[in-house]
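Going down the list, the protein sequences come from chains U and P.
According to numbering that gives the first Met the number 0, the residues represented by the first sequence are 0 to 535, in order.
According to numbering that gives the first Met the number 0, the residues represented by the second sequence are 0 to 253, in order.
From the three backbone atoms N, C-alpha and C, an ideal C-beta is built for every residue, glycine too.
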Amino acid sequence: MTATAPTAPEAPARRPVPRRVTLPAPARLLRLELRRSIMPWLLPLLAVLFWLATYRPAMANPPFWNIRSGMAQSRAMLAFAPLLAGAAAWAGSRERRRGMADLVGMTALPRWAGQLAAWAATTCWAEVAYLTGVGVLFVVTARQGAWGGPLLWPVAVGAVFVAASCALGFAAGTLLPTRFTPPLAAFAMFLALAGGAFAIQENVSYAQIWPLNVQGPFPLDSYGIFYPYVSDLAIAQVMFLAGLGAAALGGLGLPAAAGGRWLRRAAAVVTAAGLAAAGTGVALAGTARLEAHGMVIPALHDAASDRPTPYTPVCSHTAVPVCLQPAYRALLPYFTAAFGPTLSQLAGLPGAPVRVTQVAVTSVRADGSNGMGFGGPVISGRPPVLYLPLAGMTLPGEGDESAAEFIATLRQQDGPWIMGILVGLPGLVAAQAGAEAGINGFVPEASSGRSAQMAVLDALIRALGLAQPAPPPNARANQGGRSAPSGASQGSASPARQELAAAKRFAALPATARHAWLMTHLVALRAGRISLSEVP
Amino acid sequence: MNVEITDLIRRFGRNQAVAGVDLDVGTGVFGVLGPNGAGKTSLLRMLATVIPPSSGTLRLLGRDPRSYPQRRQIRRRLGYLPQNLGYYPGFTVAEFVEYFALLKEMPPERVPTAVAVAVERTGLGDKARAKLRTLSGGMLRRAGIAQAIVNEPELLLLDEPTAGLDPEQRVAFRALLRDLGQRATVMVSTHLVEDVGAACSQVALMNQGKIVFCGTPDELTAQAEGTDAEGDAPLERGYSAVLAAARTGTGAWS
Numbered sequence: 000m001t002a003t004a005p006t007a008p009e010a011p012a013r014r015p016v017p018r019r020v021t022l023p024a025p026a027r028l029l030r031l032e033l034r035r036s037i038m039p040w041l042l043p044l045l046a047v048l049f050w051l052a053t054y055r056p057a058m059a060n061p062p063f064w065n066i067r068s069g070m071a072q073s074r075a076m077l078a079f080a081p082l083l084a085g086a087a088a089w090a091g092s093r094e095r096r097r098g099m100a101d102l103v104g105m106t107a108l109p110r111w112a113g114q115l116a117a118w119a120a121t122t123c124w125a126e127v128a129y130l131t132g133v134g135v136l137f138v139v140t141a142r143q144g145a146w147g148g149p150l151l152w153p154v155a156v157g158a159v160f161v162a163a164s165c166a167l168g169f170a171a172g173t174l175l176p177t178r179f180t181p182p183l184a185a186f187a188m189f190l191a192l193a194g195g196a197f198a199i200q201e202n203v204s205y206a207q208i209w210p211l212n213v214q215g216p217f218p219l220d221s222y223g224i225f226y227p228y229v230s231d232l233a234i235a236q237v238m239f240l241a242g243l244g245a246a247a248l249g250g251l252g253l254p255a256a257a258g259g260r261w262l263r264r265a266a267a268v269v270t271a272a273g274l275a276a277a278g279t280g281v282a283l284a285g286t287a288r289l290e291a292h293g294m295v296i297p298a299l300h301d302a303a304s305d306r307p308t309p310y311t312p313v314c315s316h317t318a319v320p321v322c323l324q325p326a327y328r329a330l331l332p333y334f335t336a337a338f339g340p341t342l343s344q345l346a347g348l349p350g351a352p353v354r355v356t357q358v359a360v361t362s363v364r365a366d367g368s369n370g371m372g373f374g375g376p377v378i379s380g381r382p383p384v385l386y387l388p389l390a391g392m393t394l395p396g397e398g399d400e401s402a403a404e405f406i407a408t409l410r411q412q413d414g415p416w417i418m419g420i421l422v423g424l425p426g427l428v429a430a431q432a433g434a435e436a437g438i439n440g441f442v443p444e445a446s447s448g449r450s451a452q453m454a455v456l457d458a459l460i461r462a463l464g465l466a467q468p469a470p471p472p473n474a475r476a477n478q479g480g481r482s483a484p485s486g487a488s489q490g491s492a493s494p495a496r497q498e499l500a501a502a503k504r505f506a507a508l509p510a511t512a513r514h515a516w517l518m519t520h521l522v523a524l525r526a527g528r529i530s531l532s533e534v535p
Numbered sequence: 000m001n002v003e004i005t006d007l008i009r010r011f012g013r014n015q016a017v018a019g020v021d022l023d024v025g026t027g028v029f030g031v032l033g034p035n036g037a038g039k040t041s042l043l044r045m046l047a048t049v050i051p052p053s054s055g056t057l058r059l060l061g062r063d064p065r066s067y068p069q070r071r072q073i074r075r076r077l078g079y080l081p082q083n084l085g086y087y088p089g090f091t092v093a094e095f096v097e098y099f100a101l102l103k104e105m106p107p108e109r110v111p112t113a114v115a116v117a118v119e120r121t122g123l124g125d126k127a128r129a130k131l132r133t134l135s136g137g138m139l140r141r142a143g144i145a146q147a148i149v150n151e152p153e154l155l156l157l158d159e160p161t162a163g164l165d166p167e168q169r170v171a172f173r174a175l176l177r178d179l180g181q182r183a184t185v186m187v188s189t190h191l192v193e194d195v196g197a198a199c200s201q202v203a204l205m206n207q208g209k210i211v212f213c214g215t216p217d218e219l220t221a222q223a224e225g226t227d228a229e230g231d232a233p234l235e236r237g238y239s240a241v242l243a244a245a246r247t248g249t250g251a252w253s
């Protein structure tokens with residue numbers, strides 16, 4: 000019998016002892032500050048503000064990346080910046096308010112470093128709040144099928160503005176550590192933003208640096224689609240805001256109590272560099288000028304942003320196709336409905352557009368309150384094509400604008416305009432040229448040679464069912480520059496009775512009869528060779 | 000000597016809070032006694048490098064605090080409990096102590112242990128996770144002591160450390176002081192003479208910015224002999240005798 004030695008029980012596998020990772024001191028300090036910052040308490044308030052000031056208005060607009068991104072800069076920061084400045088001032092005044100100055104002042108870590116940790120914690124929370132809000136906005140926008148991608152420069156400006164607001168508020172709280180400083184800092188920030196808006200309205204060139212200014216007077220939905228986003232102004236704003244923030248934080252390191260000689264020298268360098276960057280940003284913004292596709296700062300401009308963004312248009316399957324940039328795909332049925340009656344009246348006529356193509360909004364110099372206007376529609380090419388920019392229009396879903404209202408507005412704006420060009424009424428062409436030359440409010444002369452053209456135009460507009468044609472051009476100088484001819488729409492200042500009679504007579508004809516007459520007489524009419532009596 | 004002071008003066012406007020103090024202090028617990036406004040707190044704030052002297056020389060731990068690099072070295076080895084302890088109400092006890100350990104530039108790997116030890120030594124182990132806003136005055140004082148000792152300072156400055164402590168805590172605290180005094184210089188500013196009698200090996204008595212007595216507690220007690228100084232305890236009578244002599248200008252000690 001052989002005895003088998005009992006096998007020794009296997010030693011239990013040694014569990015790896017979890018090693019505690021020791022964070023470096025600055026990281027530990029930041030973690031402590033993050034954990035005990037006032038900001039987590041403000042997150043719900045920031046979320047509500049973001050929802051009220053940014054998310055809700057953004058969602059009331061169609062899903063365009065430019066609108067949503069622009070709001071992430073302008074509206075979000077208008078709501079966030081004063082609150083963040085106040086909260087940071089509260090954090091900055093903490094040592095004095097809590098009677099900790101002696102205790103903190105005798106520690107080895109340079110005071111500036113400790114202050115920067117407290118500021119960094121406040122800023123981290125603020126950035127988390129802001130970027131989370133923007134992230135949600137962008138995710139929703141992407142799920143709504145927006146064409147292209149988010150514009151990141153406005154978000155970058157917003158993020159830097161968050162940090163700068165915190166820095167300015169923190170510095171105010173540190174230098175003036177009272178309970179009144181936080182509300183004062185918030186109010187001062189609000190006043191600064193309001194002052195910037197006022198300066199922009201007063202056309203102060205340097206005011207373009209105003210951090211809520213996205214692309215000067217360009218409407219939110221008018222840039223970054225046909226051409227790349229012009230980032231010149233955003234770069235200057237980032238320089239300005241980062242510089243202001245750095246100067247504010249650097250200033251905290253200048254007092255003798257802040258640290259040693261080298262550290263204070265570093266603080267002085269940071270302060271000087273910050274002031275230089277802020278000054279440079281303002282100076283650059285002063286050179287900004289409105290170009291066709293956005294605000295251009297020559298020293299910062301990248302020529303690549305002048306090259307159009309390639310895209311394949313989406314077109315309606317109608318006799319006269321309406322082609323839009325794919326970002327506007329959802330609006331195609333409305334455009335088709337708006338242009339249908341006009342185009343059907345003109346289909347086949349000599350010079351009538353065979354296609355409607357949406358084009359980029361381009362700015363033109365004008366004498367409006369903000370010194371600019373936008374180019375209107377143009378019929379050109381062979382075969383003729385109606386090139387249609389969409390500037391300053393309230394799109395369906397934007398505010399209370401319904402699809403029916405949008406269609407009616409578009410029809411009322413562009414229908415008479417297209418017809419005016421076709422009948423050769425120079426007023427429209429001149430109004431267009433005038434707008435480009437900075438002359439608004441052009442009123443065509445109601446000379447006898449033009450009477451037939453005016454009568455026919457008036458008749459065509461009546462046939463469109465526009466009882467109250469569009470207001471004169473000068474009433475909409477900054478709303479896209481498109482308008483009906485004042486002579487046609489309002490019957491000029493006092494339309495000749497014969498013109499009116501001829502217009503009513505022509506409008507009363509069956510559509511086929513009008514079309515047939517126009518087929519044979521339109522060229523002569525456009526050339527001014529048809530007299531009023533020849534109008535059937 | 001960890002503290003070397005020569006003709007130290009500190010003015011606040013026209014008021015001379017510390018009016019020419021000479022003092023050398025080595026290892027042990029050193030009590031600074033005096034009535035209100037005697038200059039104790041101003042002296043301790045100078046020793047804590049919170050405020051600079053108006054004139055005179057000061058050397059702490061063999062270094063000159065006027066030089067920033069040396070001041071920083073001193074501060075790493077310094078513990079300070081101010082008379083009016085400020086605190087961040089949202090911090091827990093452990094976080095508060097950790098915060099100061101980091102501000103004192105302790106090596107990060109030593110911080111967790113040092114915090115735990117300091118919290119235990121002050122009897123706040125079961126309150127380590129409690130928010131400071133929830134603590135009583137006495138517990139807050141202990142949290143203040145914990146932050147002061149977290150870096151195992153070579154020079155510990157405590158301004159009215161027993162204010163707000165109950166008798167039991169006070170006894171425990173005196174034992175802690177004696178323990179700390181074996182390896183470090185502990186300067187305790189107080190107007191409670193029993194603290195001095197129980198914990199201090201040396202005592203200085205300040206009046207109107209000047210040190211009017213410096214010696215052992217027994218020597219202070221002896222100052223009352225032959226006088227009609229008032230007091231419930233012998234040390235109190237010595238204290239009263241020295242102060243009375245200083246006020247009349249007879250100078251019981253030099």
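Would you verify that the beta carbon of Arg34/U is, or is not, closer than 9 Å to some beta carbon of chain P?
yes
On the three-state DSSP scale, how would you describe Asp6/P?
strand
Determine, for Val42/U, whether the minimum Cβ-Cβ distance to residues of chain P falls below 9 Å.
First, the residue type needs correcting, since residue 42/U is Leu and not Val in the sequence shown. It does not; no Cβ of chain P falls within 9 Å.
Going along the chain, which residues of its own chain have a beta-carbon closer than 8 Å to the beta-carbon of Pro535/U, five neighbours each way excluded?
Arg504, Phe505, Leu508, Ala512 and Trp516
Suppose you measure from the CA of Glu397/U to the CA of Pro340/U; what does that come to, to the nearest Å?
25 Å
Could you check whether the region 237–244 of chain U touches the region 274–285 of chain U, counting it as contact only if at least three pairs of C-beta atoms, one from each stretch, sit closer than 8 Å?
yes
Just grab the DSSP bridge partners of Leu32/P for me.
Thr189/P and Leu204/P
Using only the alpha-carbon positions, how far apart do Arg461/U and Pro382/U sit?
27 Å
What number of angstroms, rounded off, separates the C-alpha of Leu183/U from the C-alpha of Gly85/U?
7 Å
With 16 other Cβ atoms within 10 Å as the buried cut-off, status of His292/U:
buried
Can you give me the C-alpha to C-alpha distance between Tyr222/U and Thr308/U, rounded to a whole angstrom?
11 Å
Near Cys213/P, which residues of its chain fall below 8 Å by C-beta distance, leaving aside the five closest residues on each side in sequence?
Leu22, Gln201, Val202, Ala203, Leu204 and Trp252
For the pair the region 19–36 of chain U and the region 107–115 of chain P, tell me if three or more CB-CB distances fall below 8 Å.
yes
Just verifying my parser: in three-state terms, what is the DSSP assignment at Ala429/U?
Caution is warranted here: a pLDDT of 40 is assigned to Ala429/U, below 50, making its placement in the model unreliable, and the coordinate value is therefore given only provisionally. In this structure, Ala429/U counts as helix in the three-state DSSP scheme.
Would you say Leu94/U faces chain P, with C-beta separation under 9 Å as the test?
Here residue 94/U turns out to be Glu, not Leu, going by the sequence shown. Answer yes: the Cβ-Cβ gap between Glu94/U and chain P drops below 9 Å somewhere.
Beta-bridge pairing of Asp158/P - partner residues as DSSP gives them
Ser188/P
Backbone CA spacing between Val360/U and Pro376/U [nearest angstrom]:
10 Å
For Leu29/U and Ala119/U, the rounded distance between their alpha carbons:
7 Å
Pick from Leu31/U, Ala90/U, Arg93/U and Ala145/U: whose alpha carbon is nearest that of Asn60/U?
Ala145/U
Measuring straight from C-alpha to C-alpha, what distance separates Ser66/P and Ala243/P?
40 Å
Met294/U - containing beta strand (DSSP E), residue span
Gly293 to Val295
Sufficient close CB pairs (3 or more, under 8 Å) joining the region 98–114 of chain U to the region 257–264 of chain U:
yes
Against Thr48/P, what residues of chain U qualify as contacts under a CB-to-CB distance less than 9 Å, listed in chain order?
Gly104 and Met105
Report the partner residues of Asp23/P according to the DSSP bridge assignment.
Glu3/P
Which residues mark the beginning and the end of the alpha helix (DSSP H) in which Ser41/P is found?
Lys39 to Leu46
Cβ contact check for the region 159–179 of chain U and the region 334–352 of chain U: 3 or more pairs under 8 Å:
no
Flag Leu7/P as yes if its beta-carbon sits less than 9 Å from any beta-carbon of chain U, otherwise no.
no
When Arg182/P, Met138/P and Ser135/P are compared against Glu151/P, the one with the closest alpha-carbon:
Arg182/P
Hey, quick one: how far does the alpha helix (DSSP H) through Phe212/P stretch, first residue to last?
First-last for Phe212/P: Lys209 to Gly214, but that is the beta strand (DSSP E), not the alpha helix (DSSP H).
Quick check: what's the CA-CA separation for Ser54/P versus Val133/U?
58 Å
Going along chain P in order, which residues have a C-beta closer than 8 Å to the C-beta of Met99/U?
Gly85, Tyr86 and Tyr87
Between the Cα of Met186/P and the Cα atoms of Ala198/P, Leu157/P and Val114/P, which residue gives the shortest distance?
Leu157/P
At the 9 Å Cβ level, is Lys39/P part of the contact set with chain U, yes or no?
no
Stretch pair the region 81–101 of chain U + the region 174–191 of chain U: three plus CB contacts closer than 8 Å:
yes
Mind checking which residues open and close the beta strand (DSSP E) that includes Ser66/P?
Per DSSP, Ser66/P belongs to no beta strand (DSSP E) and is neither H nor E.
With which residues is Leu385/U paired in a DSSP beta bridge?
Val355/U and Ile378/U
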